[in-house]
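K.L.:
In the numbering used here, the protein residues as written are 5 to 84.
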């Protein structure tokens, strides 16, 4: 996995607020070997935290799946 690239404090703060307000987030993120593919989903953010030197967002998708996404691999975040 590539070294973590910190996201802006503004984005981090907006995500925290979206979680507190239980806003619906429309997300797109990089995935796969080399991060060459993209996936998308819609859901409610449930937590944002730092672990293993990276920042993570946990999201409950409308499909019922819970994802843990590394913030620097996010491509699109609407709803914040």
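For glycine and all other residues, C-beta sits at the position ideal for the given N, C-alpha and C.
If you're wondering where the values come from, they're calculated on a predicted model, not measured in any experiment.
For the alpha helix (DSSP H) that contains residue 32, what are its first and last residues?
P.N.:
From DSSP, residue 32 is part of no alpha helix (DSSP H) but of the beta strand (DSSP E) over 28 to 35.
K.L.:
Residue 33 and residue 65 look like a contact to me (Cβ under 8 Å); what is the Cβ gap, rounded to whole Å?
P.N.:
Not quite, the Cβ-Cβ distance comes to about 12 Å (not below 8 Å), so this is no contact.
K.L.:
Give a yes or no on whether the C-beta atoms belonging to residue 71 and residue 63 are separated by under 7 Å.
P.N.:
yes
K.L.:
If I follow the unbroken alpha helix (DSSP H) through residue 18, where does it start and stop?
P.N.:
Secondary structure note for residue 18: its alpha helix (DSSP H) is the uninterrupted segment 13 to 24.
K.L.:
Less than 7 Å between the C-beta atoms of residue 19 and residue 52, yes or no?
P.N.:
Result yes, Cβ atoms of residue 19 and residue 52 sit closer than 7 Å.
K.L.:
Helix, strand or coil for residue 43, going by three-state DSSP, please let me know.
P.N.:
strand
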